[in-house]
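Here my numbering runs 4 ahead of the position in the sequence shown, where the first position is 1.
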Amino acid sequence: MRRRTFSAALLLAASVPAKAAAARVFYAGREDAMRFADELAGRQNLPLAWVRQAIGQARFDPQAQRLMRPAASGFVKNWALYRGRFIDAAHIGAAVDFWRTHRATLARAQDQYGAPPEIIVGILGVETLYGRHMGRFRVLDALATHAFDFPPEHPQYARRQSYFVSELASFLSLCHANGLAPTQPLGSYAGAMGMPQFMPSSLLRYAVDYDGDGRIDLAASTADAIGSVACYLQAHGWIPGLPTHYPARLAPDADLPALLAPGIAPAFTPAQLATRGATLPEDGARHPGVLALIELQNGDPQQPGNAPPAYIAGTQNFYVITRYNQSSYYAMAVIELGQTAAAIAAHNARHGE
């Protein structure tokens, strides 16, 4: 199998402000970090000295750790506020421009992978506003901080810390295979990189050279970003032609705890939803597969100005979007931004604009 080559442009190399760097503590003196380096070198057949040097250059990043801490007790999510961050004039205008400029590549990706343009456009818009905000954290620092100092008060501490240990290993493997300096890549506080904000393991598994230049560059190549997102969606089970969701209406006596118990994973047939008090429109009632009841809170309904929660029934395709980011609010923002851009693009096409 031909080795996949990643471009150094993906790394968005830039200097970290000296004042911020000086305040950080290197992991070179941490026994657990060096033990990880030794184990990784043996497991991945990487040069021990190279891995130890890489881990030793990682610095604890207090801001990355703070941003990973769980929300304060009593916090209630608000879909209306969350939606407003992404379904605004700046995002919609950029989405329409992006669609117009890259129409051919989006169509090619849909033909090859089955992922519709509106979902790809929605993801790239919500993630980085089409490459305008790709992150300024050193990826090495962010991943090391979460691998060795993940907030212990987090309710999913063990699972999340294990995840970041694995991502740190993937990141170092990617850097070594491509001759990239581990200290150079910049990304989000979680360690995600490029226009689509892929984590290192996703870069290794799903990133594709979609512009045919012989290298993968998710920061500077829009075609590579489009193709990689489409590949990701296909790999996670996207079903062409299937809606993402249907509106749902709850009866006063609906068994809400039972309906919400499975989370965002589809678990109920339309008939089972109806039996438990959630009714769907006619097309939703005919849906051939299982669905998940999704609750979108709008803040505390007891507070003035807040609306009650909204409910939808998510399909397999809704669930696929949450494999990208495990949040129903994120998935709905992606869907609505993409749908809005699609409607405007269709209108412009009809009128020759």
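Just so you know, even glycine gets a beta-carbon here, dropped at the ideal spot from N, CA and C.
In the structure shown, methionine 38 falls within a helical segment according to DSSP collapsed to helix, strand and coil. Taking the CA atoms as reference points, tyrosine 86 sits about 7 Å from tyrosine 333.
Between phenylalanine 175 and glycine 198 a beta carbon distance of about 13 Å is seen, past the 8 Å cut, so the two are scored as non-contacting. The residue among Arg112, Leu297 and Ala37 with its C-alpha nearest the C-alpha of alanine 258 is Leu297. Residue burial is scored here from C-beta neighbours: serine 77 has fewer than 16 other C-beta atoms within 10 angstroms and is therefore classed as exposed. Contact check between the segment 30 to 46 and the segment 62 to 76: three or more CB pairs, one atom from each, fall below 8 Å, which counts as touching.
For proline 251, the enclosing beta strand (DSSP E) starts and ends at 249 to 251. A direct Cα-Cα distance of roughly 32 Å separates phenylalanine 168 from phenylalanine 102. Between histidine 95 and valine 130, the alpha-carbon positions lie close to 8 Å from each other. For arginine 112, the closest alpha carbon among the candidates Pro200, Val233 and Ala311 is that of Val233. In this structure, the alpha-carbon of leucine 341 lies about 35 Å from that of asparagine 182.
The DSSP-derived three-state label of alanine 335 is helix.
According to the DSSP assignment, leucine 300 belongs to the beta strand (DSSP E) that extends over 296 to 300. Here DSSP, grouped into helix, strand and coil, assigns leucine 172 to helix. Listed in chain order, the non-local C-beta contacts of alanine 314 below 6 Å within the same chain comprise Leu300, local neighbours out to five positions each way being set aside.
Within a 10 Å sphere around the beta-carbon of asparagine 302 sit 16 or more other beta-carbons, which makes this residue buried. Using a Cβ distance threshold of 9 Å, alanine 58 and proline 204 do not count as a contacting pair. Between isoleucine 339 and histidine 249, the CB-CB gap stays under 9 Å. Excluding five sequence positions before and after isoleucine 127, the CB atoms of its chain that fall closer than 6 Å to its own CB belong to Val233 and Val338, given in chain order.
Just measuring C-alpha positions, the residue of Ala335, Ala345, Ala346 and Asp42 sitting nearest tryptophan 83 is Ala335. Proline 270 is not a Cβ neighbour of leucine 284, given a cutoff of 9 Å.
Straight-line spacing of the CA atoms in methionine 38 and phenylalanine 10 works out to 27 Å. The shortest C-alpha to C-alpha distance from serine 192 to any of His180, Arg209, His150 and Leu208 is the one to His150. Taking all protein chains in view, the Cβ of threonine 279 is surrounded by fewer than 16 other Cβ atoms within 10 Å, so the residue is classified as exposed. Comparing alpha-carbon positions, the option among Ala349, Gln320 and Leu172 lying closest to alanine 45 turns out to be Leu172. With a beta-carbon spacing of about 11 Å, leucine 147 and leucine 178 fall beyond the 8 Å limit used to define contacts. The beta-carbon separation of phenylalanine 141 and methionine 72, rounded to 11 Å, does not stay under the 8 Å limit for a contact.
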